[in-house]
Each structure stands twice: as C-alpha cells, then as structure tokens.
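Novice: Going down the list, the sequences are from chains P and H.
Read in order, the letters of the first sequence are residues 75 to 187 in our numbering.
Read in order, the letters of the second sequence are residues 3 to 115 in our numbering.
We treat Cβ as the ideally placed atom computed from N, Cα and C, and that holds for glycine.
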Amino acid sequence: KNQVEQSPQSLIILEGKNCTLQCNYTVSPFSNLRWYKQDTGRGPVSLTIMTFSENTKSNGRYTATLDADTKQSSLHITASQLSDSASYICVATPGDNFNKFYFGSGTKLNVKP
Amino acid sequence: GAGVSQSPSNKVTEKGKDVELRCDPISGHTALYWYRQSLGQGLEFLIYFQGNSAPDKSGLPSDRFSAERTGGSVSTLTIQRTQQEDSAVYLCASRTQENTEAFFGQGTRLTVV
Chain P
75 KNQVEQSPQS LIILEGKNCT LQCNYTVSPF SNLRWYKQDT GRGPVSLTIM TFSENTKSNG
135 RYTATLDADT KQSSLHITAS QLSDSASYIC VATPGDNFNK FYFGSGTKLN VKP
Chain H
3 GAGVSQSPSN KVTEKGKDVE LRCDPISGHT ALYWYRQSLG QGLEFLIYFQ GNSAPDKSGL
63 PSDRFSAERT GGSVSTLTIQ RTQQEDSAVY LCASRTQENT EAFFGQGTRL TVV
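(1) Closer than 8 Å by beta-carbon distance: list the chain H residues that pair up with P/S132, in chain order.
(2) Assign P/Q83 to one of three DSSP states: helix, strand, or coil.
(3) Do you know whose CA, among H/N54, H/T113, H/E103 and H/S96, lies nearest H/E87's CA?
(4) Using the beta-carbon of each residue, which ones in chain H are nearer than 7 Å to P/S118?
(5) With distances taken between CB atoms, is the gap from H/A69 to H/I49 smaller than 8 Å?
(6) Which chain H residues sit within Cβ distance under 8 Å of P/N173?
(7) Using only the alpha-carbon positions, how far apart do P/D141 and P/G169 sit?
(8) Between the Cα of P/S127 and those of P/T139, P/I86 and P/L121, spot the shortest distance and give me the residue it belongs to.
(9) Does the CB of H/G61 have a neighbour CB from chain P at under 8 Å?
(10) When you compare each of P/F172, P/S161, P/Y176 and P/F175 to P/V185 by their alpha carbons, which one comes out closest?
(11) Can you list, in chain order, the residues of its chain with a C-beta nearer than 8 Å to that of P/E187? Leave out the 5 residues immediately preceding and following it.
(12) Taking the DSSP output, what are the residues bridged to H/F106?
(13) Contact criterion: CB-CB distance below 8 Å. Does H/G44 meet it with respect to chain P?
(14) Anything in the stretch 66-83 of chain H with a Cβ closer than 8 Å to a Cβ of chain P? List those residues in chain order, please.
(15) At what residues does the beta strand (DSSP E) containing H/R83 begin and finish?
(16) Looking at C-alpha atoms only, which residue of P/S154, P/N173 and P/S179 is the closest neighbour of P/K91?
(17) Any C-beta of chain P sitting closer than 8 Å to the C-beta of H/L112?
(18) Roughly how many whole angstroms lie between the Cα atoms of H/Y37 and H/R111?
(19) Buried or exposed for P/T130, please, with buried defined as at least 16 other CB atoms from any protein chain shown within 10 angstroms of its CB.
(20) Return helix, strand or coil for H/D58, following the three-state DSSP convention.
(21) Could you check what DSSP says for P/L156 in three-state terms: helix, strand or coil?
(22) Taking 8 Å as the threshold (beta carbon to beta carbon), is P/G169 in contact with chain H?
(23) Mapping the DSSP letters down to three states, classify H/D88 as helix, strand or coil.
(24) When you compare only the Cα positions, how much space is there between P/F175 and H/G18?
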C-alpha cells in the first residue's frame, strides 16, 4: 500500500537551533518526493523536489535528503527563525502515475524566541 | 491570475444546507485537484480534473459531494446537505501537465454548525 509517514508529529525548538524532520514512504514505483511548507491558514508551498537519483537538495536554510534504497527522506532546517513555524508536509509521486500524490500528515514545527 | 484563488476564504453554514466552493486555477494549468484537510490531519484527496478527460472522483467521501470544472478552468466543489463532519479546510491545487509541482490556493475554511 502506498503510504507516506512523517515524524515527529510536532516539534518545538528555540530560535537559532537546527532541526531535522523525517519522512518514510512506501510508494512504489517511485518518481519524486517534495517537501511543502504550510503556514497557518495558507495553502502548502513547495520547498524542494528530489527524484530517485538525487541525494540532497538545498533551498536556503532548508536541506532535503533522499535515500531511495531505504525509502527515507529528511528535511533539515538550519538556524531556525520564527517564520519557520509551520507544518512541513512530505509528498511522494509514484512513477506509474504522475497525476497522483501521496501526502504525509505533516510535522508541525513551532519555533520559539 | 498569479496564483490559485479560492473563494470564499471562510464559510459558516447550518447543518443540512448546501454549499459551493470555488477555485480559480493558475491560467494554463490543465490539472486541478481538490483536497480536504481536517484539523490536525493530512490532506485527503477528493477529486482530480485533467484537461478534457473524465475526472477521477475516487476520493469523494459520499454522493453529497460533487465537483465541476467548466471550460477547463474554474472549478466548483458542491457539498449538499452539509454535516458537521464536513467541517474542514478545502484546498484546491493546479499544475501543468508536464510538471508535478502542484500550486495550492489558500483554502476555504468550512464550518458546519
């Protein structure tokens, strides 16, 4: 069964600290994986995308990694800011249907001053 | 428009009433999705439109839910005889046929009282 699981469900960190969010997927065949950021009351916005052949992708202070063998991805946030407080959603696209997206339930990050 | 636009932003309705939610996708985007996001939950797929093809309605939770996409652009999600469990944020997303990145609207927060 195609699934995406994220951990932790929620996380509280102090401003300036780093954190890592985890995503495990069972989507097969696999095409690509995206991380989205969803601010409260807003729609999700794409941060990074990685195909099965890519191991890492950075977008400013956000760095995503992908291990296609273990079907795991992580999103590392460096030097967190208050504006990083949001939900982070992992989304996998299968290789046999580019119209389909499998969403994780998200990690809710709260950055405190 | 510059982004996906949804209206209304918020809707409060009485149980048993019908509601219509509107989505204006990004111009030129042939694919359009509707998702539902309950409080603290992940995105639940509802329906998908791609060009002139028959829509994928496999995610609609009951026959009270229906959606149309007129002229390959604007879409309307209709919920008949609303129930309290229909309360959620309804998100619309669109994308081009070639790109798997889906661009989301800000959502419509539906509250059934």
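Specialist: Concretely, from the data shown:
(1) The premise fails here: P/S132 is roughly 17 Å from chain H at the closest Cβ pair, so nothing lies under 8 Å.
(2) coil
(3) H/T113
(4) The sequence given here has Pro at residue 118 of chain P, not Ser. Residues of chain H passing the Cβ test: F106.
(5) yes
(6) A33, Y50, Q52 and D58
(7) 16 Å
(8) P/T139
(9) no
(10) P/S161
(11) It is Pro, not Glu, that sits at residue 187 of chain P in the sequence shown. Here the set comprises L88, E89 and L156.
(12) H/A95
(13) yes
(14) none
(15) Taken as a continuous stretch (DSSP letters only), H/R83 belongs to no beta strand (DSSP E), as it is neither H nor E.
(16) P/S154
(17) no
(18) 12 Å
(19) exposed
(20) strand
(21) helix
(22) no
(23) helix
(24) 32 Å
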